[in-house]
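Here the sequence shown is numbered in the numbering used here, starting from 37 and rising by one per residue. All C-beta atoms, glycine included, are put in the ideal place defined by N, C-alpha and C. Here the structure is laid out as structure tokens; the discussion comes afterwards.
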Amino acid sequence: MSWLTNFVRPKIRALVRPKRIRESLWEKCPECDQMIFHRELDERMKVCPHCEHHMFFNPEERLSHLFDDSEYETLILPSAVSDPLKFKDRKRYADRLKDARSGNTDKDAIIAAYGKLCGNPCVVCVLDFAFMAGSMGVAVGSGFLSAANVAADRRAPFVVFTASGGARMQEGALSLMQMPRTIVGLTAVKEAGLPYIVVLTNPTTGGVTASFAMLGDVTLAEPGALVGFAGPRVIEDTIRERLPDGFQRSEYLEDHGMVDRVIPRTRLRQELGVLIDLFVNKELNMSEGSLAFREELRETQAASRLVDDESSIGN
Ligand SMILES: [Zn+2]
């Protein structure tokens, strides 16, 4: 057997390995099935170059793309009681948490950071869909509350990126209690006279939609994001009717007044910068980057109006 294990197996591994490496350099777009080179995907912030599908973007990547020079302070969030109900379904909740945390004992589905965005300090919260579907339990509720209080204390605008399957059912009624807790946090932000901006990302559902995700002073969304309370399949089964195309997607919600603007990920940082500038600064005091971008926006809007006018003349 030693000949097989010592000689044949390494030879076979050596043959197989280069193929594996080549495969890992590419990623398949779940929407259009095109293969995309990893480096290109990273440069395009995980947006497909063929169909503009916005793929999963992890919170750390998001924060480093968002803040000026990728510099920010990660806020230390309060730790919460793990598994308060000693819940068990097919697997123990404690084990599910341990798997999701993979060594990082304090981690949960929320990350909060403080830094400068286009020159203006702000507090940003990101829900991590990769951690138990971004579900909201006691830890997420406490984290949100704490980040909102930091925003109020430091007099910084509060920006939240949502991505969640809803309440964390393994925490039962305690997870539902987080909905009013997040509202308490938002009240502190609003009483301090600070803006609260929500960016809805794919998917945002359940208890998160039913609480802080729908209370933004401005509600933005990434293209194609599914946003709703119950999913479309549940609604179709309940009302026994076929739902319209694009139902519960950001563009549909923008058309129906639930979302203010749908903004591609690659432009989010600049547009958030402009918004925050408009909220906190006087026109004269706006940062240079923001002013330049506003000018650019005006020009593109003027150009598109010109094209519209010309096409209407033709008609
Ligand atoms: Zn694609």
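Original post:
For H74, is the beta carbon positioned less than 7 Å from some heavy atom of ligand 1?
Top reply: no
Original post:
Since M168 sits in a beta bridge, which residues does DSSP pair it with?
Top reply: The secondary-structure analysis by DSSP pairs M168 with nothing; it has no beta-bridge partner.
Original post:
In this structure, does DSSP put R45 in helix, strand or coil?
Top reply: helix
Subject >> Pairwise C-alpha distance: A246 and K124 >> reply: The straight-line gap from Cα to Cα measures roughly 26 Å.
Subject >> Stretch-stretch touch, CB-based, cutoff 8 Å, three pairs: the region 255-275 with the region 219-229 >> reply: no
Original post:
Taking the beta strand (DSSP E) that S200 falls in, what are its first and last residues?
Top reply: 194-200 is the span of the beta strand (DSSP E), which, as asked, contains S200.
**OP:** For E207, name the three-state secondary structure that DSSP assigns.
**Re:** Three-state DSSP puts E207 in a helix.
Original post:
In the region 126-162, which residue ranges form an unbroken alpha helix (DSSP H) of at least 4 residues, counting only runs that do not cross its ends?
Top reply: 129-137
Subject >> Exposure label - G170; buried when at least 16 CB within 10 Å >> reply: buried
Subject >> Where M71 sits in the DSSP three-state scheme >> reply: In the structure shown, M71 sits in a strand (DSSP, three-state: E or B).
Subject >> Alpha-carbon spacing of A187 relative to P193, whole angstroms >> reply: 6 Å
Subject >> Closest by C-alpha distance to L308, when choosing among D273, V195, A136 >> reply: V195
Original post:
CA-CA distance, A144 and A136?
Top reply: Rather than Ala, the amino acid found at residue 144 in this sequence is Asp. In this structure, the straight-line span from the alpha carbon of D144 to that of A136 is close to 8 Å.
Subject >> Counted within 10 angstroms of its Cβ, other Cβ atoms place T198 as buried (16 or more) or exposed >> reply: buried
Original post:
In or out: R98 buried (at least 16 other Cβ within 10 Å) or exposed?
Top reply: buried
Original post:
Under the criterion of a Cβ to heavy atom distance below 7 Å, does E63 qualify as lining ligand 1?
Top reply: no
Subject >> Per-residue burial, C68 [other beta carbons within 10 Å of its own, 16 or more giving buried] >> reply: exposed
Original post:
Tell me which same chain residues have a C-beta within less than 7 Å of the C-beta of E109, skipping the five on either side of it?
Top reply: A149, Y150, G151
**OP:** Can you grab the Cα-Cα spacing for the pair L210 / F165, in whole Å?
**Re:** 20 Å
Original post:
From C161 to R45, what distance separates their C-alpha atoms?
Top reply: When rounded, the distance between both Cα atoms is 48 Å.
Original post:
Would you report the Cα separation of T255 and M71, rounded to the nearest angstrom?
Top reply: About 33 Å.
Subject >> H90 Cβ short of 7 Å to ligand 1 heavy atom set >> reply: no
**OP:** Indicate whether G202 and G173 have their beta-carbon atoms separated by less than 8 Å.
**Re:** no
Original post:
Do you know whose CA, among R75, P120, C154, A130, lies nearest R303's CA?
Top reply: C154
**OP:** Pull up the distance between the alpha-carbon of F167 and that of A116, whole angstroms please.
**Re:** 16 Å
**OP:** Excluding the 5 residues preceding and the 5 following R411 in the sequence, name in chain order all residues of the same chain whose CB lies nearer than 7 Å to its CB.
**Re:** No statement about residue 411 is possible, as the shown extent of the chain runs from 37 to 351 and does not include it.
Subject >> ligand 1 heavy atom lying under 7 Å from the CB of E258 >> reply: E258 Cβ: outside cutoff for every heavy atom of ligand 1.
Original post:
Heavy atom of ligand 1 less than 7 Å from the Cβ of H86, yes or no?
Top reply: yes
Original post:
Relative to ligand 1, is the shortest distance from any of its heavy atoms to the C-beta of Q70 smaller than 7 Å?
Top reply: True, at least one ligand heavy atom lies under 7 Å from that Cβ.
Original post:
Is E67 near ligand 1, in the sense that its beta carbon is under 7 Å from a heavy atom of that ligand?
Top reply: yes
Original post:
Less than 8 Å separating the beta-carbons of I271 and G252?
Top reply: It is not a contact, given that the beta carbons lie outside the stated cut-off.
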